[in-house]
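Comments concern the structure below.
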Amino acid sequence: MMTFRCDGCGKEMHKGDLRYTVKIEVRAAYDELEVSLMDLVRDHREEILELIERLRNKDPQEIEESVYKSFELDLCPSCQRIYIRNPLRFHPEQGVDPDQINIDGFLRSLGFSQPKTPDETDLS
Ligand SMILES: [Zn+2]
-17 MMTFRCDGCG
-7 KEMHKGDLRY
3 TVKIEVRAAY
13 DELEVSLMDL
23 VRDHREEILE
33 LIERLRNKDP
43 QEIEESVYKS
53 FELDLCPSCQ
63 RIYIRNPLRF
73 HPEQGVDPDQ
83 INIDGFLRSL
93 GFSQPKTPDE
103 TDLS
């Protein structure tokens, strides 16, 4: 049986259980570049060689992560509720609100089912 592990608390979740996925992309943000004619005609060779020299002894993964890094997490319903309250200060050990709504039962009563997992996705 296919299982997932909550990345927050470690709880095992079975296929068909309500679970949440969190996709995080951390990318370098640049404002729109303004390229002038002078930029186009200028010789960039020296700058590029200097940049290559500075990067030569750096860890390729570190360089890549300084531009882009993505994460994908699986969360159980308890951790999802904690997570969405404050994604930057996620501490699953804080526990869950005992008055929580049974959203799983609610969604199922409306006819929603779990999204297909990648191995079930029809690729045709
Ligand atoms: Zn959890």
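Position 119 (the sequence shown) corresponds to 101 in this note's numbering; numbering is contiguous.
Just so you know, even glycine gets a beta-carbon here, dropped at the ideal spot from N, CA and C.
Starting from residue i, follow the beta strand (DSSP E) in both directions and report where the run begins and ends.
| i | result |
| --- | --- |
| M(-5) | -6 to -4 |
| R1 | That residue, R1, is in no beta strand (DSSP E); it is neither H nor E in DSSP. |
Just how far apart, CA to CA, sit residue i and residue j?
| i | j | result |
| --- | --- | --- |
| E16 | L89 | 48 Å |
| Y50 | K(-7) | 29 Å |
| I34 | Q62 | 43 Å |
| P74 | L22 | 52 Å |
| C(-9) | D86 | 19 Å |
| Q43 | L37 | 12 Å |
| M(-17) | M(-5) | 10 Å |
On a CA-only basis, which of the options is nearest residue i? Give me that one, please.
| i | options | result |
| --- | --- | --- |
| F53 | I6, M(-5), L0, Y65 | I6 |
| Y65 | D13, M(-17), R1 | R1 |
| D(-11) | L57, R67, L92, L31 | L57 |
Requested in this report: Ignoring anything shorter than 4 residues or poking outside the stretch 5 to 93, list the alpha helix (DSSP H) runs there in chain order.
Outcome: Every alpha helix (DSSP H) of 4 residues or more that sits fully in the stretch 5 to 93 is shown, in chain order, as 19 to 23, 27 to 37, 42 to 47, 59 to 67, 85 to 91.
**Report entry** Distance cut 5 Å, beta-carbon to ligand 1 heavy atom: residue list by chain order
**Finding:** Result (chain order): C(-12), G(-10), C(-9), K(-7), C58, C61.
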